[in-house]
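Taken in order, these protein sequences are the chains called A and B. At the far end of the first sequence sits residue 931, using the numbering used here, and the numbering has no gaps. At the far end of the second sequence sits residue 931, using the numbering used here, and the numbering has no gaps. Some notes on the structure that comes next.
Protein chains: 2
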Amino acid sequence: MTPTDTARDAPRACFIAAGLEVLGERWALLALREMSLGVHRFDQIARNTGASRDILTSRLRTLESHGVIERVQYSEHPPRHEYHLTTSGAEIAPILISLAAWSSTWMRDETPRASYRHSCGADLEPVLTCAECGEEFRPGSLMLGPLVSTADPVPVNQQRQI
Amino acid sequence: MTPTDTARDAPRACFIAAGLEVLGERWALLALREMSLGVHRFDQIARNTGASRDILTSRLRTLESHGVIERVQYSEHPPRHEYHLTTSGAEIAPILISLAAWSSTWMRDETPRASYRHSCGADLEPVLTCAECGEEFRPGSLMLGPLVSTADPVPVNQQRQI
DNA sequence: CTGAGTCGGTTTGATTTTCCAACTAACTTG
DNA sequence: CAAGTTAGTTGGAAAATCAAACCGACTCAG
C-alpha cells in the first residue's frame, strides 16, 4: 500500500476536500470575490455574481456559520446587514489569485473578461514559494503529509478569529 | 460608477468566474488532486474522491475537452485509458496548495485528515508573491484590471500545449 | 474450458439542488 | 400617499447528483 492509496471504500479525507466543503459550493467563491472587491450588500452581490437570491442566502449563511464572513448591521430600522470578510475570509485571497492567474493563462477565448492586477499595478503573475525552504512550488511538489486533527496544537498566529 | 460596479443586470465576467466554469464543478478539483498525487485510473479516482462513477465520467470529459487532462491509452485489448494532467492541468497546483493551506489553518476540527507538505519536507506554508514587484500578496491587494480577450497576444511561455 | 474478478464505463430511477419569478415586510424618498 | 429600495422568502419546474445494478471485453486460477 503506497502513501497515495486509501482504504478500499473510504474517500481520501484531506484538507483540500475539507476546504471544498465550504468554498466549493456553487457561488461561494464568487460571493467572496465580491467582498474582496468591496461589494458588501446582498442585492449587489446577487447581481454581480449572477446567483439566484435564495441560493445566495443559503451560501452566505454557510460561509457565516464557518466564520469566513460576518454580517455587520448598518441599519436598525429596518434591520439591514452587510457581509464582510473575517480574517479567515480575507485569507482566501491566494486561492482567488491563483485561480485568476491560471484562468487568464489557460482560459483565454473570444469572451472579453475583467482581468486582475496586483495593487502595485502589475498584471497578475503570482509566484508561490515554500516559506520553509524558499523554493518555488513546482507542479508535482505537493506531497501527502501526516494525518492532522484538532488534537494537534494550532500555532498562535493561526488561531481562528471570529 | 466605480470600477467594482457592473451593469445593472450583467454578472461580472472575470477570469475567476471563467476558471470556475471548468474547475468549480463538483469533484473536478478532487479528481485533479488525485492525478497530482499520481492516481490516474478511473476506478481509483472514483474511490479516492467519493464521486459517483457517472458524474466522474462527465467531469473527466469536461476537463479533457478544456485541455486540462488527457486520456492516455495503456491497453489495446480491451482499450483502456489513464487520465493524466496536461501542462495546463499541472499548473493548477498553486490553487490546490493555496486551498490546502487555507483549509489546514482555518478548518481544523475533530476529523483526522491528511495534510500536505512541500517536496522539501516542510509543512505546507506557501507564500504568494508578485513576480513584478516581489511583494507578498496581502489580503486586499487584488485589484480589477482591464478587459482581456484572445485579441490580446498570449506570451509564448504561456501558450497552450495540447 | 469454466467461473470469478477487473476495468471503465452506462443505465435507471430516486433524491437533491438549483433556478426563476413573484411576493413580502419594513422601511425611505419624492 | 405612491413608488422605490433592501433583504430576503416562497413555490414550482428544471437540472444535477446519487447509488446501485448492469454491461462488454478482457485476464487469470484451477
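Glycine is no exception: its CB is placed at the ideal position from the N, C-alpha and C atoms.
Nearest-angstrom Cα separation, counted from residue j out to residue i
{"i": "Pro881 of chain A", "j": "Leu832 of chain B", "result": "22 angstroms"}
{"i": "Gly903 of chain A", "j": "Phe784 of chain A", "result": "23 angstroms"}
{"i": "Leu913 of chain B", "j": "Tyr885 of chain A", "result": "4 angstroms"}
{"i": "Gly836 of chain B", "j": "Ile814 of chain B", "result": "19 angstroms"}
{"i": "Leu799 of chain A", "j": "Ala891 of chain A", "result": "23 angstroms"}
{"i": "Asp878 of chain A", "j": "Thr856 of chain A", "result": "35 angstroms"}
{"i": "Arg828 of chain A", "j": "Ala883 of chain A", "result": "24 angstroms"}
{"i": "Thr826 of chain B", "j": "Leu806 of chain A", "result": "36 angstroms"}
{"i": "Pro847 of chain B", "j": "Cys889 of chain B", "result": "40 angstroms"}
{"i": "Ala786 of chain A", "j": "Thr898 of chain B", "result": "25 angstroms"}
{"i": "Met770 of chain A", "j": "Ser873 of chain B", "result": "With a pLDDT of 41 at Met770 of chain A, under the threshold of 50, the modelled position of this residue cannot be trusted; read the value that follows with caution. Distance between the alpha carbons of Met770 of chain A and Ser873 of chain B is about 25 angstroms."}
{"i": "Thr818 of chain B", "j": "Pro908 of chain B", "result": "31 angstroms"}
{"i": "Pro915 of chain B", "j": "Arg849 of chain B", "result": "45 angstroms"}
{"i": "Ser867 of chain B", "j": "Ser867 of chain A", "result": "8 angstroms"}
{"i": "Ser834 of chain A", "j": "Ser834 of chain B", "result": "36 angstroms"}
From the options, residue whose alpha carbon lies closest to that of residue i
{"i": "Gln842 of chain B", "options": "B:His809, B:Ala797, B:Ser857, B:Phe906", "result": "B:His809"}
{"i": "Met876 of chain B", "options": "A:Val917, A:Cys899, A:Gly903", "result": "A:Val917"}
{"i": "Glu894 of chain A", "options": "A:Trp871, A:Ala820, A:Ala779, A:His850", "result": "A:Trp871"}
{"i": "Arg830 of chain B", "options": "B:Pro847, B:Leu868, B:Gly819, B:Glu851", "result": "B:Glu851"}
{"i": "Arg816 of chain B", "options": "A:Glu803, A:Asp778, A:Ala787, A:Arg840", "result": "A:Asp778"}
{"i": "Pro753 of chain A", "options": "B:Glu790, B:Gly788, B:Leu911", "result": "As displayed, chain A neither begins before 770 nor continues past 931, which places residue 753 of chain A out of reach and without an answer."}
{"i": "Glu901 of chain B", "options": "A:Gly788, A:His887, A:Arg907, A:Pro908", "result": "A:His887"}
{"i": "Arg840 of chain A", "options": "A:Ser867, A:Phe811, A:Pro915, A:Thr818", "result": "A:Phe811"}
Within-8 angstroms CB hit, residue i to chain B
{"i": "Val917 of chain A", "result": "yes"}
{"i": "Val791 of chain A", "result": "yes"}
{"i": "Ile866 of chain A", "result": "yes"}
{"i": "Glu851 of chain A", "result": "no"}
{"i": "Thr904 of chain A", "result": "As written in the sequence, residue 904 of chain A is Glu, which differs from the Thr given in the question. It does; some Cβ of chain B falls within 8 angstroms."}
Partners in chain A for residue i, counting only beta-carbon separations shorter than 7 angstroms
{"i": "Arg886 of chain B", "result": "Met912, Gly914"}
{"i": "Arg781 of chain B", "result": "Asn817, Ala883"}
Neighbour flag for residue i against chain A, beta carbons, 8 angstroms
{"i": "Glu845 of chain B", "result": "no"}
{"i": "Val896 of chain B", "result": "yes"}
{"i": "Thr880 of chain B", "result": "yes"}
{"i": "Gly798 of chain B", "result": "Correcting the residue identity first, residue 798 of chain B is Leu in this sequence and not Gly. Yes, Leu798 of chain B counts as interfacial toward chain A."}
{"i": "Ser827 of chain B", "result": "no"}
{"i": "Asp778 of chain B", "result": "yes"}
{"i": "Ser821 of chain B", "result": "no"}
{"i": "Pro848 of chain B", "result": "no"}
Own chain residues within Cβ distance below 8 angstroms of residue i, not counting five before or after
{"i": "Ile824 of chain A", "result": "Arg795, Trp796"}
{"i": "Leu801 of chain B", "result": "Leu792, Leu832, Val837, Ile838, Leu854, Gly858, Ile861, Leu865"}
{"i": "Val896 of chain A", "result": "Glu905"}
{"i": "Met804 of chain A", "result": "Ile814, Ile838, Tyr852, His853, Leu854, Gly858"}
{"i": "Ala869 of chain A", "result": "Ser884, Tyr885, Leu893"}
Contacting residues, own chain, Cβ-Cβ under 7 angstroms from residue i (five flanking each side not counted)
{"i": "Ser844 of chain B", "result": "none"}
{"i": "Ser821 of chain B", "result": "none"}
{"i": "Gly788 of chain A", "result": "none"}
{"i": "Glu790 of chain B", "result": "none"}
Proximal chain B residues relative to residue i, where beta-carbon distance stays under 8 angstroms
{"i": "Met804 of chain A", "result": "The contacting residues do not exist; Met804 of chain A stays about 11 angstroms from chain B at best."}
{"i": "Phe811 of chain A", "result": "The contacting residues do not exist; Phe811 of chain A stays about 15 angstroms from chain B at best."}
{"i": "Asp892 of chain A", "result": "Glu901, Gly914"}
Residues that residue i contacts on chain B, provided the C-beta gap is smaller than 7 angstroms
{"i": "Ser857 of chain A", "result": "Trp875"}
{"i": "Ile861 of chain A", "result": "Trp871"}
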